[in-house]
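Undergrad: Dumping the structure here so I can ask a few things about it.
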Amino acid sequence: MNNKFTGLFSFLLIIFLVWLNFNFDQPEFERDENISQTEFSTSRAFEHVKAIAEQPHYLGSPAHSKVRNYIVEQLQNMGLEVQTQEGYHLSKGGVLAKPQNILARIKGSGEGDALVLMSHYDSATHSSFGASDAGSGVATILEGIRAFLQKNAPHKNDIILLFTDAEELALNGAGLFIEDHPWAEDAKLALNFEARGSGGNPFMLLETNGKNARLIEAFKEADPDYPVTNSLAYSIYKMLPNDTDLTVLREQGDINGYNFAFIDDHYDYHTATDIPSNLDMETLAHQGSYLMPMLNYFSDKDLNNLNSDRDLIYFSLPFGEFISYPFDWIMPMLVLAIVLLVILIVYGFRRERLDIQEIFTGFLPLLLSLLVSGALAWSFWQFCLYIYPEYSEMEQGFTYNGYWYIAIAIFLALSVNFIFYHLFRKKTQGASAFIAPLIVWLIVCSLIAVYLKGASYFIIPVYSTLIQLFVMIRQKHPNRLLMTILSAPAIFILLPFIWSLPVALGLKMLYVTAILASLLFFLFIPVFTYFRKLKSFAVLCFLIFNVLVFTAHFYSDFNTDRPKPNSLVYLKDLDNETANWYSYDNMVDEWTREFFGNDPDERSNIESNFSSKYGSNFKLRKEAPLITIPDPGIIIEQKGKDSLNHERYSLKIAPNRQINRMELYEIRSVDFKTFKVNGLEADDIYLGENQFHMFKRRWKERLLTYYVANRDTLRIEFSIEPKDEPEFVLYESAYDLIKNEELEVPERPDGMIPKPFVLNDATILKKTIRLTD
1 MNNKFTGLFS FLLIIFLVWL NFNFDQPEFE RDENISQTEF STSRAFEHVK AIAEQPHYLG
61 SPAHSKVRNY IVEQLQNMGL EVQTQEGYHL SKGGVLAKPQ NILARIKGSG EGDALVLMSH
121 YDSATHSSFG ASDAGSGVAT ILEGIRAFLQ KNAPHKNDII LLFTDAEELA LNGAGLFIED
181 HPWAEDAKLA LNFEARGSGG NPFMLLETNG KNARLIEAFK EADPDYPVTN SLAYSIYKML
241 PNDTDLTVLR EQGDINGYNF AFIDDHYDYH TATDIPSNLD METLAHQGSY LMPMLNYFSD
301 KDLNNLNSDR DLIYFSLPFG EFISYPFDWI MPMLVLAIVL LVILIVYGFR RERLDIQEIF
361 TGFLPLLLSL LVSGALAWSF WQFCLYIYPE YSEMEQGFTY NGYWYIAIAI FLALSVNFIF
421 YHLFRKKTQG ASAFIAPLIV WLIVCSLIAV YLKGASYFII PVYSTLIQLF VMIRQKHPNR
481 LLMTILSAPA IFILLPFIWS LPVALGLKML YVTAILASLL FFLFIPVFTY FRKLKSFAVL
541 CFLIFNVLVF TAHFYSDFNT DRPKPNSLVY LKDLDNETAN WYSYDNMVDE WTREFFGNDP
601 DERSNIESNF SSKYGSNFKL RKEAPLITIP DPGIIIEQKG KDSLNHERYS LKIAPNRQIN
661 RMELYEIRSV DFKTFKVNGL EADDIYLGEN QFHMFKRRWK ERLLTYYVAN RDTLRIEFSI
721 EPKDEPEFVL YESAYDLIKN EELEVPERPD GMIPKPFVLN DATILKKTIR LTD
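Read in order, the letters of the sequence shown correspond to residues 1 to 773 in my numbering.
This is the structure:
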């Protein structure tokens, strides 16, 4: 074939492979409400989502009981006996709540071992509608179990349906189940459906205290149509602090499980835009495509045979392909690749197709590409934060136009790589130009084999490139179409990770995206080194980069489709009878200007840092009018001394208004000898290797956060050394700022939403409590 045409076909094939990578790993959605009653219907599941996500339904909200009653009714309509589990639960981190779990059980023919299907039904406080997180999970289970029951197929294992409450607070519902419910002893395996966005491919993540081999083999045997998972994510997941209900079941109940969670459109996470219309229907269909084969398989599988003493490397490919192999292969595959490279280098010198000077010169464009692309991508994002300061208001770290920025980082890296390899093409070319990338990749794989074993499947594209090197040594002008086909595994294995990393960790990781894109580019040098116009590719990529920058700019503003998150709270200090407006925002906007003016006090000196996911604190302050808010009722009683001569006290705090949250601090760093909250004691907590306790071995001022429902009283019993004089600071909060008639705070205009993850739209009372009061 004409060399010109093979080059064109190679270029088009690369584009096709990239398109294939993003378009054949998820089911297509078609309205299916009329399909057989024994099949999972995405349309029917979506009706549940709409019913669940009509309003925010966090613990203590009016809609919370409405959603609970809806789920109970749906289960009863299936002929199931439903029970609710209610009780106080105190987390290790000092979060107290009174969740109401919903449970039902389908008996099997076996001896009572149970498969748990679980999701949480509460939405995030205080403004999220919870359509994706986790209305989609509840809906998937409701529709899936309905279809399963319609089949009336015999099954050995019991099936426990567990819809937890207060997951968004501190996994309290899961903790209450595993600690206090008798069914927890029967649970052997759990399938948990979650979300951290409103679209994209649901990713399968394991939870196990042991090795993963049998769980992965079982997942493969269950044969879901569109598996999306890999052992790299599993390895990273194990290293990070995790916060799903399934984590509680694993840590406290030694229950294995599978998480199925999607993270795309991360900007909808925990916000008022997490509504049914923003939920990707293909994503909901994908969740159903996981549930049904997993349910059918594990309802009859021996659930006591899922522990293992070995780990597997695994990854998925488009078209539902799933590949796994033992960890034991990691070092042999690495050593074999190194040996093959050495053999090929010797072979290349013997055939006089390799030049030592060109090989060493080949490191220059490679290292320059890595350093410059990473530095430029980092600098570009810092520049974006400077010219678009409003991006800092997105607590998730991922903007509405975030996907454009991922593409920008990739094409910026490609521009840099093409230009450097163009500049050095006369000094290093052919097979000699490919030695440096292979050596660097084998160094990367060696580090992975030691420090991040789950990513060891990255060695597979290296084997393809070793074949390419052999062909390049044998042939002076190898077929570029063949070279492209041999590079294809790199696209399928590496590109999904490159694309999803900034979604998962935030756009601050764009520089890593650029570096990874450069590493992917190096595996395509056998293709591009034979193109004569690398400079033209550099210009093309730079033009695309500029088009993407202008496109991202076009979508950079806030509007009704991309609403701006902002915050406002009113805090009244009962100690000195003052009041202030506070905001977590970095700048005033149209709505908050009425309260802060154009010159608010910045970096306020308020001593409290209300607990929030990203540790945000107040940034703006302005004096506010004093209004009447009922003080909480506080009773302190001394109870004498215990047998160790410790002073015993009781503290009761009763709200005299409808509130949602109490935050209690102790500002003198007293380590309590005993400390009970509503009759409960907290467990130890580990921060790294160090053991702490929220009350007895403290490391911060915050003692506890109590999410209040039905104006329940907070009751604390504690003991201290006689010399200690603890000083408590109470913050009592109600999400009623906009409803408060004295403050007259208007509704937000279109194009604005409450900022998520922080205490927002609240009236707050602050009061110091001393034992001598």
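Beta carbons are placed, not taken as given, at the ideal position from N, Cα and C, and that holds for glycine.
Per DSSP, which residues does P788 bridge with? Please list them.
TA: As shown, the chain starts at 1 and ends at 773. That puts residue 788 outside it, with no answer to give.
Undergrad: Can you tell me whether A170 is buried or exposed, with buried defined as 16 or more other CB within 10 angstroms of its CB?
TA: With 16 or more Cβ atoms within 10 Å of its Cβ, A170 is classed as buried.
Undergrad: To the nearest angstrom, report how far apart Y400 and Y267 are at their CA atoms.
TA: Those two C-alpha atoms are separated by around 6 angstroms.
Undergrad: In the stretch 23 to 101, which residue ranges form an unbroken alpha helix (DSSP H) of at least 4 residues, counting only runs that do not cross its ends?
TA: Those alpha helix (DSSP H) runs which fall completely within the stretch 23 to 101 and span 4+ residues are 42 to 52, 62 to 77.
Undergrad: Rounded to whole angstroms, what's the CA-CA distance from E607 to S583? Just pull it up for me.
TA: Residue placement at E607 is flagged as unreliable, the pLDDT there being 47, under the threshold of 50; the coordinate-derived value follows with that caveat. Taking the straight line from one Cα to the other gives about 14 angstroms.
Undergrad: Tell me the residue span of the alpha helix (DSSP H) that contains E594.
TA: Segment 593 to 596, the alpha helix (DSSP H) holding E594.
Undergrad: Give me the Cα-Cα distance between L385 and A261, rounded to the nearest whole angstrom.
TA: Each residue's alpha carbon lies about 29 angstroms from the other.
Undergrad: May I have the straight-line CA-CA distance separating I275 from F424, to the nearest angstrom?
TA: Looking at the two C-alpha atoms, the distance is approximately 52 angstroms.
Undergrad: Using the rule of at least 16 other Cβ atoms within 10 Å of the residue's Cβ for burial, across every protein chain shown, is E725 buried or exposed?
TA: Exposed, because fewer than 16 other Cβ atoms sit within 10 Å of the Cβ of E725.
Undergrad: Which partner residues of K639 appear in the DSSP bridge assignment?
TA: Partner(s): none; K639 has no beta bridge.
Undergrad: Give me the residue from L291, K767, T208 with the minimum Cα distance to I255.
TA: Considering only alpha carbons, the answer is T208.
Undergrad: Could you say if the stretch 70 to 79 and the stretch 129 to 146 meet the contact criterion of at least three C-beta pairs nearer than 8 angstroms?
TA: With the cut-off at 8 angstroms, the stretch 70 to 79 and the stretch 129 to 146 touch.
Undergrad: T283: buried (16+ other C-beta within 10 angstroms of its C-beta) or exposed?
TA: Counting Cβ neighbours within 10 Å, T283 comes out buried, since at least 16 surround it.
Undergrad: In whole angstroms, what is the alpha-carbon distance linking V248 and G257?
TA: Approximately 11 angstroms, taken between the alpha carbons.
Undergrad: Taking a contact to mean a Cβ-Cβ separation below 7 angstroms, would you say Y731 touches K766 in this structure?
TA: Yes. Within cutoff.
Undergrad: How many Å lie between D300 and K107 at the Cα?
TA: Approximately 12 angstroms, taken between the alpha carbons.
Undergrad: If we ignore side chains and look at the alpha-carbon of each, how far apart do I805 and D684 end up?
TA: Nothing can be reported for residue 805: it is not among the residues displayed for the chain, which extend from 1 to 773.
Undergrad: Can a CB atom of chain C be found closer than 7 angstroms to the CB of E742?
TA: The displayed structure is made up of one protein chain only, and chain C is not part of it.
Undergrad: Can you look up E607 in the DSSP assignment and give me helix, strand or coil?
TA: Because E607 carries a pLDDT of 47, less than 50, the predicted location of this residue cannot be relied on, and the following value inherits that uncertainty. It is coil, neither helix nor strand.
Undergrad: Give me the Cα-Cα distance between I410 and Q475, rounded to the nearest whole angstrom.
TA: Taking the straight line from one Cα to the other gives about 31 angstroms.
Undergrad: Within the chosen definition, does the stretch 36 to 53 reach the stretch 114 to 131 through at least 3 CB pairs nearer than 8 angstroms?
TA: Enough Cβ pairs lie closer than 8 angstroms, so yes.
Undergrad: If you reduce the DSSP assignment to three classes, tell me which class K220 lands in.
TA: Of the three classes helix, strand and coil, the one that applies to K220 here is helix, per DSSP.
Undergrad: Going by the C-beta, is V708 closer than 6 angstroms to any heavy atom of the ligand MG?
TA: Within the structure as shown, the ligand MG is missing, as the structure has no ligands at all.
Undergrad: Look up Y570 in the DSSP assignment and give the residues it is bridged to.
TA: According to DSSP, Y570 bridges with W581, T763.
Undergrad: If you draw a straight line from the C-alpha of M1 to the C-alpha of F9, how long is it?
TA: Per-residue confidence for M1 stands at a pLDDT of 49, beneath the threshold of 50, marking its modelled position as unreliable; the derived number appears in the next sentence. For M1 and F9, the distance between alpha carbons rounds to 11 angstroms.
Undergrad: Touching or not, the stretch 731 to 751 and the stretch 642 to 662, by the rule of three or more beta carbon pairs under 8 angstroms?
TA: Contact between the stretch 731 to 751 and the stretch 642 to 662 is present, because at least three Cβ pairs lie under 8 angstroms.
Undergrad: I'd like to check one pair, P202 with Q287: are the Cβ atoms closer than 7 angstroms?
TA: Result yes, Cβ atoms of Q287 and P202 sit closer than 7 angstroms.
Undergrad: Between which residues of its own chain and I338 is the CB-CB distance below 7 angstroms, once the five residues before and five after are set aside?
TA: Hits under 7 angstroms: L442.
Undergrad: Using a Cβ-Cβ cutoff of less than 6 angstroms, which residues in the same chain neighbour L494 once the five nearest sequence positions on both sides are dropped?
TA: Result list for L494: L520, in chain order.
Undergrad: Is DSSP giving L398 helix, strand or coil here?
TA: Looking at the sequence shown, residue 398 is not Leu but Phe. Correct three-state label for F398: coil.
Undergrad: Buried or exposed: where does T628 fall if 16 or more other Cβ atoms within 10 Å of its Cβ makes it buried?
TA: So T628 counts as exposed.
Undergrad: Would you kindly work out how many angstroms separate the C-alpha atoms of K535 and D561, rounded to a whole number?
TA: About 40 angstroms.
Undergrad: Measuring only the C-alpha atoms, how far is L774 from V670?
TA: No answer is possible for residue 774: the residues shown for the chain start at 1 and end at 773.
Undergrad: As a quick exercise: from L341, Y421, V503, pick the residue whose alpha carbon is nearest that of I473.
TA: I473 has its Cα closest to that of L341, out of L341, Y421, V503.
Undergrad: Under 8 angstroms Cβ to Cβ from N305, same chain only, skipping five residues before and after it: list those, please.
TA: Excluding positions up to five away in sequence, the list reads R214.
Undergrad: With distances taken between CB atoms, is the gap from E358 to T428 smaller than 7 angstroms?
TA: In contact: E358 and T428 (Cβ atoms closer than 7 angstroms).
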